[in-house]
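> Structure provided below as structure tokens; questions to follow.
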Amino acid sequence: EPALPQDVANRVLLLVFSTDKSPGDHSLIRTAETSKYIMRDSGSQGEGTRRHRRNRMEKQRIKASDAAAATPREEGRALCRRVDMMVDFEQTGWGSWIVYPKKYNAYRCEGLCPSPVDETFKPTNHAYIQSLLQLYKPNQVPCPACSPVRMSPLSMLYYEKGEIVVRHHEDMIIEECGCN
Numbered sequence: 001e002p003a004l005p006q007d008v009a010n011r012v013l014l015l016v017f018s019t020d021k022s023p024g025d026h027s028l029i030r031t032a033e034t035s036k037y038i039m040r041d042s043g044s045q046g047e048g049t050r051r052h053r054r055n056r057m058e059k060q061r062i063k064a065s066d067a068a069a070a071t072p073r074e075e076g077r078a079l080c081r082r083v084d085m086m087v088d089f090e091q092t093g094w095g096s097w098i099v100y101p102k103k104y105n106a107y108r109c110e111g112l113c114p115s116p117v118d119e120t121f122k123p124t125n126h127a128y129i130q131s132l133l134q135l136y137k138p139n140q141v142p143c144p145a146c147s148p149v150r151m152s153p154l155s156m157l158y159y160e161k162g163e164i165v166v167r168h169h170e171d172m173i174i175e176e177c178g179c180n
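No gaps in the numbering here: position 113 of the sequence shown is 113 in UniProt numbering, and each next residue is one more.
This is the structure we're talking about:
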């Protein structure tokens, strides 16, 4: 069996699978953070020992590297967010049969997704895993993409077979963006 390179041999990847469907603010990150297996500082158990001091220093180093990894790589480019995208049905050539609305803001998603991604970006479990793998293999695994995570319908008044109808079309307006 070939030996692993030193930088890979010392890495740990935590995968958490859960069927917990209880309401509340649960996420893969929160589950991992509250795991009994995670390294924690303990104030009452020999805090002055060399091992505890070394663990505390390692934890601080990990936090610092996580913060650096979570910042966008391209300066000046914002994180994933919703921005305006006006749709004008006159410009699309549909203005003659669409009565209302003639224009509306459909919005769009743009920006970078940090690695590792956190719950503020509404990621799927797949996006969590992808963002973790992206840290280990940045040239092979892309960052999660900024995309819609919640959409709403648009009610429209238009001509159909010579009559005016009202229809509600699903997923026409982006309400929220996230990393998936």
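Just so you know, even glycine gets a beta-carbon here, dropped at the ideal spot from N, CA and C.
1) Hey, could you find the ends of the alpha helix (DSSP H) S131 is sitting in?
2) Could you work out which residue in V83, S147, K122, K102 is closest to Y158 when comparing CA atoms only?
3) Name the residue from I98, G93, Y104 whose alpha carbon lies nearest to the alpha carbon of I174.
4) Just confirm the distance between the C-beta atoms of C179 and F89, as a whole number of angstroms; I'd bet it's less than 8 Å.
5) One question on the structure: do E176 and R108 come within less than 8 Å of each other, judged by their Cβ atoms?
6) Going by the DSSP bridge assignment, what does C109 pair with across the sheet?
7) Would you mind reading off the limits of the beta strand (DSSP E) that contains E119?
8) Mind checking whether P123 and Q134 have CB atoms under 8 Å apart?
9) Do you know how far the Cα of I98 is from the Cα of I164?
10) In its own chain, which residues sit with a C-beta less than 6 Å from the C-beta of Y100, not counting the 5 before and 5 after it?
11) Using 8 Å for Cβ pairs, my map puts R150 next to L112. What's the rounded Cβ distance?
12) Where do the N-terminal and C-terminal ends of the beta strand (DSSP E) with residue 181 fall, by residue?
13) What does DSSP give as the partner residue(s) for K103 in the beta ladder?
14) Which residues bound the beta strand (DSSP E) around G178?
15) Taking the C-alpha atoms as reference points, what is the distance between residue 199 and S155?
16) Between Q91, P153, P114, L132, which lies nearest to D171 when the distance is taken from Cα to Cα?
Looking at the coordinates:
1) As a first step, residue 131 must be located in the sequence shown, where it is residue number 131. S131 -> alpha helix (DSSP H) spans 125-136.
2) Within the sequence shown, residue 158 is the residue found at index 158, counting from 1. Closest option to Y158, Cα to Cα, is K102.
3) Taking the sequence shown and counting its residues from 1, one reaches residue 174 at position 174. Of the candidates I98, G93, Y104, the one whose C-alpha sits nearest the C-alpha of I174 is Y104.
4) Working through the sequence shown from its first residue, we reach residue 179 at position 179. Working through the sequence shown from its first residue, we reach residue 89 at position 89. The beta-carbon distance between C179 and F89, rounded to whole angstroms, is 31 Å. This is too long to meet the 8 Å contact definition.
5) In the sequence shown, counting from the first residue as 1, residue 176 sits at position 176. In the sequence shown, counting from the first residue as 1, residue 108 sits at position 108. Result no, Cβ atoms of E176 and R108 do not sit closer than 8 Å.
6) By 1-based counting over the sequence shown, the position of residue 109 is 109. Paired residues: R82.
7) Position 119 of the sequence shown, counted from the first residue, corresponds to residue 119. First-last for E119: undefined, no H or E at that position.
8) Sequence index remark: in the sequence shown, residue 123 carries index 123 (1-based). Sequence index remark: in the sequence shown, residue 134 carries index 134 (1-based). No, the Cβ-Cβ distance between P123 and Q134 is not below 8 Å.
9) As a working note, residue 164 is residue 164 in the sequence shown. As a working note, residue 98 is residue 98 in the sequence shown. Approximately 9 Å, taken between the alpha carbons.
10) The count along the sequence shown starts at 1 and reaches residue 100 at position 100. Cβ-Cβ distances below 6 Å link Y100 to L157 in the same chain, with the five nearest sequence neighbours on each side left out; the list follows chain order.
11) Counting from 1 along the sequence shown, the entry for residue 150 is found at position 150. Counting from 1 along the sequence shown, the entry for residue 112 is found at position 112. Wrong, their Cβ atoms sit about 20 Å apart, outside the cutoff.
12) Given a span of 1 to 180 for the chain in the structure shown, any question on residue 181 remains unanswerable.
13) Counting from one through the sequence shown, the residue named residue 103 turns up at place 103. Beta-bridge pairing links K103 to D88.
14) For the purposes of this step, residue 178 is taken as residue 178 along the sequence shown, with counting starting at 1. From DSSP, the beta strand (DSSP E) with G178 extends over 163-179.
15) The structure shown does not extend to residue 199, since the chain is modelled only from 1 through 180, so no value can be given for it.
16) In the sequence shown, residue 171 corresponds to position 171, counting from 1. Of Q91, P153, P114, L132, the residue nearest in Cα terms is P153.
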